[in-house]
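Structure record follows, encoded as structure tokens.
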Amino acid sequence: MGYIGNYSLCICFPKKFGTTEAGPPVDVKEVFMEYAGGGTCMTVEQLRRFLVEVQGDAEVSIEDAERIVEEVLQRRHYNVKFTKKALSLEDFHFYLFSVDLNPSLLNQVHQDMTAPLSHYFIYTGHNSYLTGNQISSDCSDVPIIKALKRGLRVVELDLWPNSTKDNVLVLHGWTLTTPVELIKCLKSIKEHAFSASPYPVIITFEDHLTPDLQAKVAQMVTQTFGNMLFYPDSDCVREFPSPEELRYRIIISTKPPKEYLEDKSLSSRRSNSVKEKDSDEDVWGRMSPDLTNDDEKSDCDTSEHSLCDGDNEACDRLLRPLGAPAYKNLISIPAGKPKGKLREKLKVELDKVRRLSLSEQKFEKATISHGTEVVRFTQRNILRIYPRGTRVNSSNYNPLIGWMHGAQMVALNMQGYGKSLWLMHGMFRSNGGCGYVKKPEFLMNVGPNDQVFDPKAKPPVKKILKVKVYMGDGWHLDFKQRHLNHWSPPEFYTRVGIEGVPADKTMRKTKKRNGNWTLVWDEEFIYPLTVPEIALLRVEVHEYNMSEKDYFAGQTCLPVSELRPGIRAVPLFNRKGEKFTSLRLLMRFEFVQVDI
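Start counting the sequence shown at 1; every next residue gets the next number (UniProt numbering).
This is the structure we're talking about:
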């Protein structure tokens, strides 16, 4: 303390808080003591018993347990030779807190992949080529590559002619987006399609082309993909093939082109019909008046509803354009909107299947008045939902409303980040992250009176999920160059909740805990679930900030139906869904079945 004139001066030196590793939680100590028989080491056989009885790994072998022990000892005690293979309490805690050794989800495909494509939720992107907003960002193959590496299985490309109308570009029509050549996108898809999953990649074309350019597209597609390209057996698809049948194949989905008639009066009527589109039309993707083909999201196709109603020869005549016969032959998943009201669009036809696209507004209207018809339609056909055209900043809607009604292709803008994309990432961590998730049986079942699942119904609680948040670690490594405060003890809290049907949706929060960057909460939450099959567990960590908005400190989203019971390590991700190198939580999951 010093004095300057009449004023006193106090100089304070801040203390930088270091990192101290927290010890094992009480539950971990107790379970170690129980399975180690009160001793100081857990043998291979004792570990196997723990894995079977606590972790629910019923098929684990003694060899599996031995490999775990060897790996833990190698990582923690490098170059040390052990005469006996056993784990100390610290080794056991290290194992439980290792994301790769003790994951919360299975990392392999385990669902039946032999059902038709309509039986699966499919990882789907919207305007996959955009690098940012929907109005002025660049079009590129880079976001397509990034999405495919994440596991995306449905890529959307908007096809437009170039200024001289002798080549095909990919861009968001009637906007300021800069185009990219179609051939560049196709080559990148070929190179990266199966980097994350062997199951089929579906390319949806929103087609604004003349028949001559459609023929050029057909040539590009066939030359680029060669034997990877899947061709339908006939013009009239009566049942979709399975993901297993289509491993390492490329599938084209778009509207079958109409015959390119020379009747100018018909062309004029088509042009006029553009003005009469339903409200679900993407307002930024309207067709240029000098093009005669309808785009995928248009309702102008007056003949689509009657396709294949007659014999195959008549059907073939209807689908075959004069200028581009090869283009029609590429289409394995025919798309289109039948003429008429929404109920007509959702009509299930016995002799063919198709893909229907609805905007989020049109879909929401459908769920209000035709919820069960939507479910019935998606049992055989494919429903694609896309963001409304006014989402110019590439924001997204809640994908769960689509999955609740059986929609397979819930298309989201992949360019940004936020809760909707986190939910998408969470859903498609299921089934080994292969991009195809088998729809729950209740969405596919038909009752004795021809009834299907009613999304508006309020079923009883089917299962109870108990979640315990023990501790978290890694912030001092992943956030050391970031905004978290190194000069005072950080206070973290965790938000844990359920996203699903309205009856299951909830969010809880732990108390704030401060410490030396390794936080211990040791709090449990209980979640009654009426529809656990599509529920997602959301986890967010925040650092409390008294003066302003709390700092984001990691998040994850996990499919409840895929959670492995027991004490598990859970990795955390950043806002964009990219996994942190070190950030993780130690949590416990327990399921209690409820007798109905």
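Every residue gets a Cβ at the ideal spot worked out from N, C-alpha and C, and that includes glycine.
This structure is a prediction, so every number in the text was calculated from the model and none was measured.
{"Query": "Range covered by the beta strand (DSSP E) that runs through H542", "Result": "L536 to E543"}
{"Query": "Continuous beta strand (DSSP E) assignments of at least 3 residues falling wholly in the UniProt domain \"C2\" (438–574)", "Result": "463–473, 491–499, 506–509, 519–529, 536–543, 551–559 and 566–573"}
{"Query": "Option in I498, P448 and D473 with minimal Cα separation from I464", "Result": "I498"}
{"Query": "Paired residues, beta bridge with Q593 - DSSP", "Result": "K463"}
{"Query": "Among Q219, E344, L182 and G37, nearest to K328 - alpha-carbon criterion", "Result": "Q219"}
{"Query": "Distance between F121 and V101 (C-alpha atoms, nearest Å)", "Result": "Reading the sequence as shown, one finds Leu at residue 101 and not Val. Roughly 28 Å between the two C-alpha positions."}
{"Query": "Close-in-space but distant-in-sequence residues of the same chain around T372 (CB under 7 Å, 5 per side omitted)", "Result": "V452 and D454"}
{"Query": "Buried/exposed call for Q46, threshold 16 Cβ in 10 Å", "Result": "buried"}
{"Query": "F32 - DSSP class collapsed to helix/strand/coil", "Result": "helix"}
{"Query": "First and last residue of the uninterrupted alpha helix (DSSP H) at R67", "Result": "I62 to R76"}
{"Query": "G125 (DSSP reduced to helix, strand or coil)", "Result": "strand"}
{"Query": "Cα-Cα separation between V201 and R247, rounded to whole angstroms", "Result": "9 Å"}
{"Query": "Residues that DSSP places opposite residue 599 in a beta bridge", "Result": "This structure gives no information on residue 599, because the portion of the chain shown stretches from 1 to 596."}
{"Query": "CA nearest to the CA of S195, picked from D212, L152 and Y231", "Result": "L152"}
{"Query": "Test item: CB-CB of K187 and D141 under 9 Å", "Result": "yes"}
{"Query": "Touching by the beta-carbon criterion (3+ pairs, under 8 Å), the region 142–149 and the region 458–473", "Result": "no"}
{"Query": "Collapsed DSSP secondary structure at V99 in the structure displayed", "Result": "coil"}
{"Query": "Cα-Cα separation, S332 to L346", "Result": "20 Å"}
{"Query": "D233, DSSP secondary structure in three states", "Result": "coil"}
{"Query": "Residue environment, P502, which counts as buried when at least 16 other CB atoms sit within 10 Å", "Result": "exposed"}
{"Query": "For Y35 and K81, the rounded distance between their alpha carbons", "Result": "24 Å"}
{"Query": "Distance, S104 Cα to K438 Cα", "Result": "19 Å"}
{"Query": "Cβ pair L209, V168 closer than 9 Å", "Result": "yes"}
{"Query": "Beta-ladder partner(s) of K579, from DSSP", "Result": "F573"}
{"Query": "Other residues of its chain near G56: CB distance less than 8 Å, five sequence neighbours each side excluded", "Result": "R564, P565 and G566"}
{"Query": "Cut-off 7 Å between Cβ atoms - residues of its own chain near K341, not counting five sequence neighbours on either side", "Result": "none"}
{"Query": "Sequence-distant residues of the same chain with beta carbon closer than 8 Å to V170, five excluded per side", "Result": "Y129, C139, L157, D158, L159, W160, P179, V180, E181, L182 and C185"}
{"Query": "Contacts around Y231, its chain only, beta-carbon distance under 8 Å, and the 5 residues preceding and following it disregarded", "Result": "N329, L330 and S332"}
{"Query": "For E90, the three-state DSSP class (helix, strand or coil)", "Result": "helix"}
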